[in-house]
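A.B. asks:
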Amino acid sequence: MDRGFGVSFPGRIISRISLYLPRLGLSALILCLVSGLVLAFYYRPMGNVFQNVEEITTLVPYGWFFRQLHYSAGQVFVILMLLHTLDHFFRRRYRIYALGEWISLIVSLALCFYTLFTGFILKADQEGVFAGRIFMNIIETLPVAGGAIARLFIVPGNSFFFLPYLYHSFFLPLLIIYLMRGHIREWFPNERFLLSGGIGLSLYALFVSPRIDIPPDASVAVVEGPWFFLGIQSLLKVLPSFLAGLVVPGLFIGCILVLPAAGHALRALSFNERIIRIGETGLYCLLIISICLYAFLTLRAAIWGP
Amino acid sequence: MERRGFIKKGLQWAASLLGASFLAYPAFSFMTFRKATKKRIVFHPEDQAGAVTFKEGVYLIREPNEIFALSAQCTHLGCTLNYDAVSGRFACPCHGSVFTLSGKRVSGPARKDLYRVPLTKTASGDIEAVLEVG
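First to last, the sequence lines map onto chains A and B. Okay, so the first sequence: first residue is 1 according to the numbering used here, each after it adds one. Okay, so the second sequence: first residue is 307 according to the numbering used here, each after it adds one.
1. Tell me the residue span of the alpha helix (DSSP H) that contains T115 (chain A).
2. Using the three-state DSSP reduction, which class does K314 (chain B) fall into: helix, strand or coil?
3. Identify every residue that forms a DSSP beta bridge with D419 (chain B).
4. Would G402 (chain B) pass as an interface residue toward chain A - the criterion being a Cβ-Cβ separation below 8 Å?
5. Mind listing the chain A neighbours of T338 (chain B)? Cutoff is C-beta to C-beta under 7 Å, in chain order.
6. Is the CB of N137 (chain A) under 8 Å away from at least one CB in chain B?
7. DSSP three-state label for S377 (chain B), please.
8. Fully enclosed by the segment 352–415 of chain B, which alpha helix (DSSP H) runs are 4 residues long or longer?
9. Give me, in chain order, the residues of the same chain whose beta-carbon lies closer than 8 Å to that of I106 (chain A); leave out the 5 immediate sequence neighbours on both sides.
10. Near F65 (chain A), which residues of its chain fall below 6 Å by C-beta distance, leaving aside the five closest residues on each side in sequence?
11. Quick check: the Cα distance between G36 (chain A) and L201 (chain A), rounded to an integer number of angstroms?
12. Taking the alpha-carbon of A435 (chain B) as reference, which of B:S413, B:Y365 and B:C380 has the nearest alpha-carbon?
13. Does the CB of A326 (chain B) have a neighbour CB from chain A at under 8 Å?
14. Going by C-alpha distance, which of B:E438, B:L425 and B:V439 is nearest H350 (chain B)?
15. Y178 (chain A): buried (16+ other C-beta within 10 angstroms of its C-beta) or exposed?
16. Give me whichever residues DSSP pairs with F349 (chain B) in a beta bridge.
17. I want to know whether the segment 128–139 of chain A touches the segment 327–346 of chain B - three or more CB-CB distances under 8 Å.
18. Against chain A, does L425 (chain B) count as a neighbour if the rule is that its beta carbon must be under 8 Å from one of theirs?
19. Indicate whether K345 (chain B) and L437 (chain B) have their beta-carbon atoms separated by less than 8 Å.
20. Out of curiosity, what's the CA-to-CA distance linking L82 (chain A) and A321 (chain B)?
21. With T298 (chain A) and G231 (chain A) assumed to form a contact (beta carbons below 8 Å), what rounded beta-carbon distance in angstroms separates them?
22. Under the DSSP definition of a beta bridge, which residues are partnered with L425 (chain B)?
23. Within 10 angstroms of its Cβ, does C292 (chain A) collect 16 or more other Cβ (buried), or is it exposed?
24. Please list the partners that I134 (chain A) has in chain B, where partner means a Cβ-to-Cβ separation under 8 Å.
25. Going by DSSP in three states, T343 (chain B) sits in which element: helix, strand or coil?
26. CA-CA distance, C380 (chain B) and P399 (chain B)?
27. In the DSSP assignment, find the alpha helix (DSSP H) that holds W304 (chain A) and state where it starts and stops.
28. What are the boundary residues of the alpha helix (DSSP H) that includes N52 (chain A)?
29. Could you give the distance in angstroms between the alpha-carbon of Y389 (chain B) and the alpha-carbon of D217 (chain A)?
30. Report the residues of the segment 211–223 of chain A with a CB closer than 8 Å to any CB of chain B, ordered along the chain.
31. So P260 (chain A) and L99 (chain A) are in contact, right, with Cβ under 8 Å, and what is the actual spacing, rounded?
32. Looking at I30 (chain A): is its Cβ nearer than 8 Å to the Cβ of Q126 (chain A)?
33. If we define contact as Cβ-Cβ less than 8 Å, is R300 (chain A) a contact residue for chain B?
34. Since A131 (chain A) contacts G245 (chain A) with CB under 8 Å, what's their CB separation in whole angstroms?
35. Measuring from the CB of A261 (chain A), is there a heavy atom of the ligand SAM at a distance below 7 Å?
36. Taking just the CA atoms, how far does I17 (chain A) sit from F296 (chain A)?
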């Protein structure tokens, strides 16, 4: 497939990377779905869920392997998906595709992160339970119907893990597969990627033990959220929850979604070409600054704590 | 003619929106309904010995003149607070809010004091705390 930058040496490398990484990511998605299917036979989202997860890790034959395979495949898939999106973003390829394609890419990426996050909650250890409560309380800060909207995603009490489980294992995989149906048809089955992804992730699952899970009632000095929310965790310390948890991420996702439409909108409002270019590039630069700031916050929190 | 077409289209839109909301509102009400439940936490006499006792999301605090209970959930975003016996304060491990032993907010992003949980004493010497869930 000619991608238009096969002339120079770095161009060829980038071309190869942007060709292979998303295909490898789809192999990780297959492994994630298969291992998730296996785990679903023992995982129960009701009762003592922490004990259930510990039994999967320590008691059920090969449970540790499938848990680690599911975790690593999910992480690799979402990281590769993020790189794929950044690849399109930094090379401004959103300008050559239809707006709908860009929107489905960004929405799929957001759904992928939400799937990772629900998985983080479903571990049912201390950080999972706290993440779930924080998520619920942040949605509740929405004006007018915040409490009701929060109950669409997570509820306190005995069914705390049920809705995240429903999203994690049913709604989100279906939606993600639906949004990626074009890529899945185009790129699968590809034995090379499936085999390399399978071997790599299985080796990881075989040789890297899962982290020790901390019981929900233990007393720990600092509890961290998932790596992709460390930046938000830092923001939540200094900004009001509504601003740090909803307005900032919402504005960021909204600006990325409308990025390709900015030029069309300015053109429709009959601005001259120079203003259109400045407006579009301005929004693009603003998003790059936001991404860099968030990456800095995440790194800072990962090194020195949130 | 054009105006009539516009009005007709507007009415069609309004009718479909009304129709959709007839279905959407009951669906939303159904999906977001939760029965309020109460959780009883019982502190037996042997649990009441220490100055500060933690059980199932509640801190029971014994002071010279009174016994009271505080919800262990941070009023910022709901993480369970840790009790630091040295400083005699509660600290949130997620975003760093700090509260005094009586539940007053000292610092951090939380704005409200900790919730006091109503207590009842039974004839057998147990102390019951009732937490509202959902």
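Every residue, glycine too, gets a C-beta built ideally from N, C-alpha and C. Predicted model, so just to flag it, every value in this text is computed and none were measured.
C.D. replies: Once the coordinates are examined:
1. Residue mapping note: residue 115 (chain A) aligns to position 115 of the first sequence, counting from 1. L99 to L122 is the extent of the alpha helix (DSSP H) around T115 (chain A).
2. In the second sequence, counting from the first residue as 1, residue 314 (chain B) sits at position 8. Three-state DSSP puts K314 (chain B) in a helix.
3. Taking the first residue of the second sequence as position 1, residue 419 (chain B) is located at position 113. Residue pairing for D419 (chain B): DSSP places it in no beta bridge.
4. Reading the second sequence from its first residue, position 96 is the one you call residue 402 (chain B). At least one chain A Cβ lies under 8 Å of G402 (chain B).
5. Taking the second sequence and counting its residues from 1, the one referred to as residue 338 (chain B) is at position 32. Going along chain A in sequence order, the residues near T338 (chain B) (Cβ under 7 Å) are A148, R151 and L152.
6. On the first sequence, residue 137 (chain A) is found 137 positions in, with the first residue counted as 1. Yes, its Cβ sits closer than 8 Å to a Cβ of chain B.
7. If you number the second sequence from 1, residue 377 (chain B) lands on position 71. S377 (chain B) falls in the strand class under three-state DSSP.
8. Runs found: none.
9. On the first sequence, residue 106 (chain A) is found 106 positions in, with the first residue counted as 1. Here the set comprises T85, I253, I256 and L257.
10. Residue numbering aside, residue 65 (chain A) sits at position 65 when the first sequence is read from its first letter. Excluding positions up to five away in sequence, the list reads A205.
11. Position 36 of the first sequence, counted from the first residue, corresponds to residue 36 (chain A). Position 201 of the first sequence, counted from the first residue, corresponds to residue 201 (chain A). Distance between the alpha carbons of G36 (chain A) and L201 (chain A): 14 Å.
12. As a first step, residue 435 (chain B) must be located in the second sequence, where it is residue number 129. Each of B:S413, B:Y365 and B:C380 was checked against the Cα of A435 (chain B), and the nearest Cα belongs to B:Y365.
13. Indexing the second sequence from 1 puts residue 326 (chain B) at position 20. No - not a single Cβ of chain A is within 8 Å of the one on A326 (chain B).
14. Position 44 of the second sequence, counted from the start, is the residue given in the question as residue 350 (chain B). Ranking B:E438, B:L425 and B:V439 by Cα distance to H350 (chain B) puts B:L425 first.
15. The residue you call residue 178 (chain A) lines up with position 178 of the first sequence. Exposed, because fewer than 16 other Cβ atoms sit within 10 Å of the Cβ of Y178 (chain A).
16. Counted from its first residue, the second sequence places residue 349 (chain B) at position 43. Looking at the DSSP assignment, F349 (chain B) forms a beta bridge with B:I433.
17. The segment 128–139 of chain A vs the segment 327–346 of chain B: no contact.
18. By one-based count along the second sequence, residue 425 (chain B) stands at place 119. No - not a single Cβ of chain A is within 8 Å of the one on L425 (chain B).
19. Here residue 345 (chain B) is taken as the residue at index 39 of the second sequence, counted from 1. Here residue 437 (chain B) is taken as the residue at index 131 of the second sequence, counted from 1. Against a cut-off of 8 Å, the Cβ pair of L437 (chain B) and K345 (chain B) comes out as a contact.
20. What you label residue 82 (chain A) is simply residue 82 of the first sequence in a count that begins at 1. What you label residue 321 (chain B) is simply residue 15 of the second sequence in a count that begins at 1. When rounded, the distance between both Cα atoms is 42 Å.
21. The residue labelled residue 298 (chain A) in the question sits at position 298 within the first sequence. The residue labelled residue 231 (chain A) in the question sits at position 231 within the first sequence. 4 Å between Cβ atoms; contact.
22. Looking up residue 425 (chain B) in the second sequence gives position 119. Note: L425 (chain B) sits in a beta bridge opposite B:A435.
23. The residue you call residue 292 (chain A) lines up with position 292 of the first sequence. Of the residues assessed, C292 (chain A) falls on the exposed side of the cut-off, its CB having fewer than 16 other CB atoms within 10 angstroms.
24. Mapped onto the first sequence, residue 134 (chain A) falls at position 134. Those are L383, G384, C385 and C400, listed as they occur along chain B.
25. As a working mapping, residue 343 (chain B) is identified with position 37 in the second sequence. Strand at T343 (chain B).
26. For the purposes of this step, residue 380 (chain B) is taken as residue 74 along the second sequence, with counting starting at 1. For the purposes of this step, residue 399 (chain B) is taken as residue 93 along the second sequence, with counting starting at 1. About 10 Å.
27. As a position in the first sequence, residue 304 (chain A) is number 304, starting the count at 1. Per DSSP, W304 (chain A) belongs to the alpha helix (DSSP H) from E273 to W304.
28. In the first sequence, the residue the question calls residue 52 (chain A) occupies position 52. Looking at the DSSP string, the run of the alpha helix (DSSP H) that includes N52 (chain A) is V49 to T58.
29. What you label residue 389 (chain B) is simply residue 83 of the second sequence in a count that begins at 1. What you label residue 217 (chain A) is simply residue 217 of the first sequence in a count that begins at 1. Here the alpha carbon of Y389 (chain B) sits roughly 12 Å from the alpha carbon of D217 (chain A).
30. Within the segment 211–223 of chain A, the qualifying residues are P216, D217, S219, V220, A221, V222 and V223.
31. If you number the first sequence from 1, residue 260 (chain A) lands on position 260. If you number the first sequence from 1, residue 99 (chain A) lands on position 99. Yes, P260 (chain A) and L99 (chain A) are in contact; Cβ-Cβ is about 5 Å, under 8 Å.
32. As a working mapping, residue 30 (chain A) is identified with position 30 in the first sequence. As a working mapping, residue 126 (chain A) is identified with position 126 in the first sequence. The answer is no: Cβ separation not under 8 Å.
33. To locate residue 300 (chain A), count along the first sequence from 1; it is residue 300. Output row for R300 (chain A): interface = no.
34. Locating residue 131 (chain A) in the first sequence gives position 131, counting from the first residue. Locating residue 245 (chain A) in the first sequence gives position 245, counting from the first residue. 12 Å between Cβ atoms; not a contact.
35. With respect to small molecules bound, the structure shown includes none, and the ligand SAM cannot be examined in it.
36. Against the first sequence, residue 296 (chain A) aligns to sequence position 296. Against the first sequence, residue 17 (chain A) aligns to sequence position 17. For the pair F296 (chain A) and I17 (chain A), the Cα-to-Cα distance works out to about 24 Å.
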